[in-house]
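Residue numbers (this note's numbering): 9 to 307. Let me begin by presenting the structure, written as structure tokens, before commenting on it.
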């Protein structure tokens with residue numbers, strides 16, 4: 009799948025992907041704070057509903073290009089099942105069990121998963137060096153999880169980090185499918201579609217016996233949900249879907265490397281999270297694996 013023709017301003021896709029990565033990094037901290045106050049399903053439904061409320065009036069008037077193909081609806085639904093549906097189920101519960109900083113480091117594996125998916129579904133080749141980098145990064149994630157210590161805000165970091173790995177796998181399904189569809193559908197259409205599907209998917213969860221509806225609405229927690237809905241679900245996905253329209257999936261995925269560094273800094277600054285020496289070493293192993301893969305692709 010080749011990228012779309014160059015945009016009028018060549019730096020715009022790069023800027024858009026950078027903004028998307030920074031917003032997603034902020035989402036880890038905002039989500040961690042929000043699920044400490046509200047039920048995860050309430051948080052996820054709130055963020056999706058806010059984005060859908062803004063985009064739905066536009067979506068009604070939007071039409072895909074004339075080369076719409078049979079099976080596109082199935083691909084759009086599969087894309088939305090990966091993210092936001094399964095992605096937010098896994099990540100919202102992951103952030104109840106682990107710290108935002110650890111979850112952010114696990115997110116460093118996303119570019120590697122995208123590269124693996126590109127091999128399987130987009131026909132890209134992978135070198136032994138890339139495979140070694142992938143194995144190194146996964147070893148770092150395992151070490152990071154094993155060295156995590158339970159605390160009041162992170163009662164089960166091993167399980168939480170595993171759920172975050174599943175979230176990254178779900179995100180990979182979304183990114184690769186969105187890249188395939190971006191040649192025929194606008195970034196706004198793709199973002200609107202996934203926001204509406206996500207809202208409909210999480211609405212029944214509010215009626216489940218295990219879902220605790222909020223009895224109070226602390227301003228900081230509400231602000232976190234608003235940021236997640238408008239700043240992240242709306243802003244970050246629009247920026248990412250725009251960037252991936254003009255750049256190869258592997259290059260777009262590389263921008264995700266910004267996320268773990270920013271998350272660790274924000275977790276320390278806003279949530280008083282602390283990394284142990286072992287966790288710093290494990291994080292270095294993760295980032296080393298990612299860099300090894302990047303060098304292998306550049307060679």
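C-beta: ideal position from N, C-alpha, C; glycine also.
Just to confirm, are residue i and residue j a CB contact at a threshold of 8 Å?
{"i": "residue 84", "j": "residue 297", "result": "no"}
{"i": "residue 244", "j": "residue 57", "result": "no"}
{"i": "residue 7", "j": "residue 238", "result": "Because the chain spans 9 through 307 in this model, residue 7 falls outside it and cannot be assessed."}
{"i": "residue 107", "j": "residue 162", "result": "yes"}
{"i": "residue 121", "j": "residue 186", "result": "no"}
{"i": "residue 180", "j": "residue 125", "result": "yes"}
{"i": "residue 39", "j": "residue 213", "result": "no"}
{"i": "residue 30", "j": "residue 266", "result": "yes"}
{"i": "residue 182", "j": "residue 95", "result": "yes"}
{"i": "residue 169", "j": "residue 149", "result": "yes"}
{"i": "residue 91", "j": "residue 202", "result": "yes"}
{"i": "residue 278", "j": "residue 45", "result": "no"}
{"i": "residue 98", "j": "residue 174", "result": "yes"}
Answer with buried or exposed for residue i, where buried requires no fewer than 16 other C-beta atoms within 10 angstroms of its C-beta.
{"i": "residue 204", "result": "buried"}
{"i": "residue 23", "result": "exposed"}
{"i": "residue 160", "result": "exposed"}
{"i": "residue 287", "result": "buried"}
{"i": "residue 110", "result": "buried"}
{"i": "residue 74", "result": "Note that residue 74 has pLDDT 49, beneath the 50 cutoff, so the model's placement of it is unreliable and the number below is only indicative. Exposed."}
{"i": "residue 225", "result": "exposed"}
{"i": "residue 241", "result": "buried"}
{"i": "residue 190", "result": "buried"}
{"i": "residue 281", "result": "buried"}
{"i": "residue 10", "result": "Low confidence applies to residue 10: its pLDDT is 49, below 50, so where it sits in the model is not reliable, and the reading given next is rough at best. Answer is exposed; the Cβ neighbour count stays below 16."}
{"i": "residue 119", "result": "buried"}
{"i": "residue 172", "result": "buried"}
{"i": "residue 284", "result": "exposed"}
{"i": "residue 21", "result": "buried"}
{"i": "residue 290", "result": "buried"}
{"i": "residue 195", "result": "buried"}
{"i": "residue 292", "result": "exposed"}
{"i": "residue 223", "result": "exposed"}
{"i": "residue 25", "result": "buried"}
{"i": "residue 232", "result": "buried"}
For the alpha helix (DSSP H) containing residue i, list its first residue and its last residue.
{"i": "residue 281", "result": "Looking at the DSSP string, residue 281 is not in any alpha helix (DSSP H), and its letter there is neither H nor E."}
{"i": "residue 241", "result": "Taken as a continuous stretch (DSSP letters only), residue 241 belongs to no alpha helix (DSSP H), as it is neither H nor E."}
{"i": "residue 3", "result": "Since the first residue shown for the chain is 9 and the last is 307, residue 3 is missing from the structure and cannot be characterised."}
{"i": "residue 264", "result": "Note, residue 264: premise wrong, no alpha helix (DSSP H); not H, not E."}
{"i": "residue 353", "result": "Within the shown structure, residues of the chain are numbered from 9 to 307, placing residue 353 beyond reach of any answer."}
{"i": "residue 82", "result": "80-88"}
{"i": "residue 110", "result": "108-114"}
{"i": "residue 36", "result": "20-45"}
{"i": "residue 229", "result": "227-234"}
{"i": "residue 99", "result": "95-105"}
{"i": "residue 120", "result": "118-129"}
Just confirm the distance between the C-beta atoms of residue i and residue j, as a whole number of angstroms; I'd bet it's less than 8 Å.
{"i": "residue 33", "j": "residue 271", "result": "5 Å"}
{"i": "residue 100", "j": "residue 43", "result": "6 Å"}
{"i": "residue 114", "j": "residue 176", "result": "7 Å"}
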